[in-house]
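Here is the structure we will look at.
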Amino acid sequence: MTSVKKICTLCVLLSISHFCFAQIHSSQQLIPSEHWIYDALYMLNSESGRTSLADNAPLSAAEIKMYMADIDEDALSTSGKKLYEKVQRFLKRDAFSLKYGDVAFGFNLIAKPSLMYKSSGDIDWTFATDYTGHAGPKPYGAASSFIGSDAADPFVTVPLYLTFADAFVIETDPCFAKSFWGMSNDGNVTNLPYDFHDFDFLWPRNAYGSAGAYFNKWGVNVNIAHQGMRIGKTQTGSIIYNSTFETDAYVQFNLYSPHIRYGMNVVEIARDKFLYTHRIEASPFKWIRAGVIEGTLVARPFEFRFLNPLMIMHSFGAWTEYIGKEEEPYYGEAYVCAYMGIDFDIVPCKNVRIYGLYAQNEIQSAIELESETGKTLPDSFGVQLGVELTFPESRGGYWIATTEAVYTTPFCYVKQGAEWSLYRERFNMQSKGNTPICSWIGTPFGPDCIGAQARVGYVQPGKWSADFEYLFVAHGTNSFGLFGNEIEIDGKKYYSYYPSVLYKIYKKTGGTQGLSASDAASLARTHRLTGIVQYTNCITLKGNYILNNHFQFGAQTSYTFVFNNKNVSGSFAHGVELSLSCTYTML
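In the numbering used here, the protein residues as written are 29 to 615.
Right, dumping it as C-alpha cells:
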C-alpha cells in the first residue's frame with residue numbers, strides 16, 4: 029500500500045510540475061552541450077546552405093550571437109524564420125536577477141520528476157550501458173551514456189549565478205539527485221532519491237566561471253568548468269571528445285571569429301592525470317568546415333610546457349620521461365598518451381549536412397612494423413560518419429532524418445596502463461564504494477565496436493517534437509573490464525591486457541607467461557571485433573510537448589533485443605524500457 033501511495037504521489041507531482049534554463053544573464057554565460065540552441069543553429073545554417081564553427085560546446089552566449097549574425101533571416105523559410113526568432117528571443121532574454129549596479133545575482137528552480145520502468149534485468153538501462161558483457165576480473169559501472177541523458181536528470185536543480193557587467197559570470201547548479209547506482213538498479217522506477225544510499229552526494233554536477241569580451245567580428249573567452257565539454261556535433265556522441273566524459277575540471281581558452289577558431293583545453297581527468305589539447309578549425313568557404321585537434325595526456329602533475337600551441341606531436345618525447353626502471357622492460361613507455369583528432373562538415377546543398385570525425389591514440393608506421401615489438405603495438409583509432417537532413421515544411425515545423433555510423437578498433441582510447449588510457453573512473457560515496465564508475469573520452473560505445481543509428485523525426489520549435497530511432501551496436505569484449513587484468517612478477521603488479529606488454533612479459537619470463545611474438549602481433553594487428561561479439565538492437569520512440577514557459581512533458585519507449593547477450597554465444601535477451609517526465613521551470 030505504501031508503494032502505491034508513493035507512485036500516486038509522484039503522478040500528482042507529474043501533473044502539476046522544463047527542459048533547460050531558458051535564460052540569458054550574461055554574454056559570457058556558457059550554454060551546455062545538450063541545449064536545444066545547438067540543434068537550432070545547425071538547422072538554420074543547413075537551411076542557409078552553410079556550415080558553422082559552433083560544433084564545440086559549451087560556447088558562450090556571445091559566440092553564439094556572432095554565429096547567428098551571419099544568418100540571413102530574409103532568406104529563410106517560414107519555419108526557419110520562426111526558429112530564428114525563437115533563438116533570438118532566447119539570446120535577448122534577461123534572466124531574473126537582483127541587480128546592484130553592474131553586479132547581479134540570480135537563481136532559478138527546475139523540478140523534473142520522472143517515472144521509469146524496465147521489463148527485464150537481462151538488459152541494461154539505455155543510460156547505463158557500454159553495449160558489452162562487462163568482461164574482466166573486476167566489476168564496474170558504465171557511465172558514458174549517463175551524463176546528459178534525459179532519464180538521468182536530477183529530481184530538483186537550483187541554478188545560482190553571479191555576474192559582473194557583461195564580462196564575467198560564475199554559475200553553479202546544486203541539485204537533489206539520485207546516484208548512478210541508484211538510477212541503474214534494475215528495479216528503479218524514479219529519479220527521486222528516497223533512500224539515503226541512493227542519494228548523489230557528489231553535487232553540484234555542473235559549475236563554471238567564465239570571462240571574456242567580444243570585439244568587431246571576433247572574441248575571446250576563458251572558462252573553467254567541471255565537465256560536459258564536447259568537440260564535434262553528432263547524433264550518438266563524438267568519437268573525439270564527448271560531453272559524457274566525466275572529469276574533475278577543465279580550463280578553456282578560446283579565440284573565435286566567423287571563419288577561424290582556436291581553442292586550448294587543459295582537462296584534469298583525475299588527480300595527477302591531465303590532458304592538454306590544442307584545436308584549430310576553419311571555414312574557408314561557407315559550405316565546408318574542417319578542424320584538427322592535437323593533445324597529450326600525462327598521468328603526472330600539471331606542467332606548463334604542454335600549453336605551448338606549436339610544440340605539438342613528439343616535440344618533447346615525453347613518453348619516456350616518467351617510466352620507472354622496473355617498469356620499462358614491460359611497458360616500454362608509460363604515463364603518456366598522444367591524441368589526435370580530425371573532423372569536417374560539408375553542406376553540399378541546402379538542408380543537407382555531411383560530417384566526419386577521426387580520432388587516434390596509436391598508429392604504427394610501415395617502418396615501425398618492421399620490428400617484432402612494433403608489430404605488437406596495436407593501431408588505436410576510431411571513425412565516425414553521418415548525414416543529417418533537415419527539411420522545413422509549411423506549418424512551421426521541420427522534418428529531420430539522420431543516419432550515422434561509428435567504428436572503433438579493439439584498443440581505441442587504450443594504452444599499456446589504465447592511468448594513461450583515455451578514460452576516467454570515479455567512486456560513489458554512498459553505495460558500491462569499491463566499484464569504479466567509468467567513462468570514455470569519446471563515443472559512449474567505447475573501443476571494439478561497430479555502431480549505426482538511423483533517426484526520423486518531426487519538430488515544431490517551441491511546441492512539440494517526436495522521434496523514431498533505431499540503434500545497432502556490435503561490440504567485442506574489450507571495454508573498461510580490460511583494466512582489471514593484472515599479473516604479478518617479482519612482487520610487483522603489471523597490467524596484462526595490451527599486446528606489446530604481453531609480448532614483453534613472454535620474453536622476460538622465458539615464455540611461461542604472456543604471449544609469443546606471433547600471438548601478440550596477431551592480437552595487435554587485427555581490426556576485427558574481439559571475442560564473442562554482442563549485437564545490440566534498440567528501437568526507440570520518444571516525444572516532447574511544451575505547454576508553456578514553465579512546463580514541459582516528455583515520454584520515451586525503447587525496445588531492446590540483444591544477440592549473444594553479455595558476450596555469451598547463443599544467449600538472447602530482450603525487454604522494454606519506459607520513461608515519463610515532467611519538467612517545471614520556475615523563472
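Idealized CB from N, CA, C, for every residue including glycine.
In terms of Cβ geometry, Leu143 and Gly260 do not form a close pair [threshold 8 Å]. Across the structure, Lys206 and Lys536 are spaced so that their CA atoms are roughly 48 Å apart.
In the three-state reduction of the DSSP assignment, Trp468 falls in the strand class, which pools E and B. Between the region 499 to 506 and the region 546 to 562, the count of C-beta pairs closer than 8 Å reaches three or more; the two stretches touch.
Straight-line measurement puts the Cα of Gln541 at about 44 Å from the Cα of Gly414. In this model, Ile382 and Pro376 are separated by some 8 Å (Cα to Cα).
Exclusion of the five residues before and after Val279 leaves Ile252 and Val294 as the residues of its chain whose Cβ lies within less than 6 Å of its Cβ. Ile428 sits in a strand when the DSSP states are folded into three classes. Burial check for Met614: the Cβ neighbour count within 10 Å stays below 16, so the residue is exposed.
Counting every other CB atom within 10 Å of its CB across the protein chains shown gives Met96 a total of 16 or more, marking it as buried. Among the bridge pairs identified by DSSP, Ser266 is matched with none. If you ignore the 5 residues before and after Gly247, its C-beta comes within less than 7 Å of the C-beta of Ala90, Glu91, Met94, Gly240, Ala241 and Tyr284, all in its own chain and listed in chain order. Taking one beta carbon from each stretch, the region 484 to 495 and the region 103 to 122 have 3 or more pairs nearer than 8 Å; the two touch. Taking the CA atoms as reference points, Ile151 sits about 33 Å from Glu390. Secondary structure within the region 551 to 593: the beta strand (DSSP E) runs of 3 or more consecutive residues, fully enclosed, are 562 to 574 and 579 to 591 (chain order). Your pair Gly161 and Lys594 checks out as a contact, with CB atoms roughly 4 Å apart and the cut at 8 Å.
Note on Tyr128: under 16 other CB atoms within 10 angstroms of its CB, so exposed under the neighbour-count rule. Boundaries of the alpha helix (DSSP H) harbouring Gln116: Thr106 to Lys120, taken from the DSSP string.
Counting only runs that start and end inside the region 176 to 248, the beta strand (DSSP E) elements of at least 3 residues fall at 188 to 192, 196 to 200 and 235 to 242. Distance between Val501 and Ser266, taken at the CA atoms: about 15 Å.
Contact between the region 183 to 199 and the region 118 to 132 is established, with three or more Cβ pairs separated by less than 8 Å. The beta carbon of Gly461 sits closer than 8 Å to the beta carbons of Phe455 from its chain, once the five residues preceding and following it are set aside; these are given in chain order. Apart from the 5 residues on each side of it in sequence, Trp315 sits with its Cβ closer than 6 Å to the Cβ of Val375 in its chain, given in chain order. Within the same chain, and ignoring the five residues on either side of Arg317 in sequence, the residues whose Cβ sits closer than 6 Å to its Cβ are Thr79, Ser311 and Asp373. Using a 10 angstroms sphere on the CB of Ala601, the tally of other CB atoms reaches 16 or more, which defines it as buried. At the C-beta level, Pro165 and Pro202 stay beyond 8 Å of one another. Counting other Cβ atoms within 10 Å of its Cβ, Phe208 reaches 16 or more and is therefore classed as buried. Rounded to the nearest whole angstrom, the C-alpha separation of Ala346 and Leu450 is 17 Å.
Judged by their CB atoms, Ala387 and Phe409 are nearer to each other than the 8 Å cut-off.
According to the DSSP secondary-structure assignment, His254 is paired through a beta bridge with no residue. Cα atoms of Trp427 and Ser76: separation of roughly 16 Å, rounded to the nearest angstrom.
Here the C-alpha atom of Tyr358 lies approximately 11 Å from the C-alpha atom of Lys520.
In the three-state reduction of the DSSP assignment, Trp492 falls in the strand class.
For Asp102 and Lys109, the gap between their C-alpha atoms comes out near 8 Å. In this structure, Pro337 lies near Met292, with their beta-carbon atoms less than 8 Å apart. Val364 and Thr324 do touch by the CB rule: their CB atoms are close to 7 Å apart, below 8 Å.
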